[in-house]
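Worksheet: one structure, shown below.
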Amino acid sequence: MEKSQRQKSAMPTRLLWEPSNGEPVRGSWAMQITVKLMGFLKEKTPPGNTITLVDPTTVEELLNALDVPSELVQVTTINGSFEQDRSRQLADGDELSVIPPVGGG
5 MEKSQRQKSA MPTRLLWEPS NGEPVRGSWA MQITVKLMGF LKEKTPPGNT
55 ITLVDPTTVE ELLNALDVPS ELVQVTTING SFEQDRSRQL ADGDELSVIP
105 PVGGG
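Quick look at the structure:
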């Protein structure tokens, strides 16, 4: 078995992320997602608004990695389209936007 195959098989199959440092991680197991968190969730935005994830990763897994509780998510969009299914798998280059509940009075 080649060294690169051993390294790839040793990678976790679920979420393992690290904030992007501006240089994309190379490999078929990695994907980059742009994240836009609105309102008070903005403080949880990864540096550079991008995150590198193990492929496959779902919307819910990404939100968990960013420590964004489900009850604080009102609307999610992927590439500008509303998405209610948090089990949807993300793809390399996707843009995920998250809007928290808004109240007023």
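Using the working numbering, the first residue of the sequence shown is number 5, and each one after it goes up by one. Glycine included, C-beta positions come from ideal geometry on N, C-alpha and C.
Inter-residue Cα distance where the pair is residue i and residue j
i	j	result
Gly-57	Glu-99	At residue 57 the sequence reads Leu, which differs from the Gly that was named. Leu-57 and Glu-99: Cα-Cα distance of roughly 13 angstroms.
Pro-104	Gln-36	23 angstroms
Leu-41	Trp-33	25 angstroms
Leu-76	Ile-55	20 angstroms
Pro-50	Gly-84	19 angstroms
Cβ-based neighbour list, residue i, same chain, cut-off 6 angstroms, excluding 5 preceding and 5 following
i	result
Gly-97	none
Gly-43	Pro-104
As assigned by DSSP and simplified to three states, the class of residue i
i	result
Val-106	coil
Leu-94	coil
Val-39	strand
Own chain residues within Cβ distance below 8 angstroms of residue i, not counting five before or after
i	result
Gln-88	Thr-80
Three Cβ pairs or more, each shorter than 8 angstroms: is that satisfied between the stretch 57-67 and the stretch 89-96?
A contact between stretches requires three or more CB pairs, one per stretch, nearer than 8 angstroms, and the stretch 57-67 meets this requirement with the stretch 89-96.
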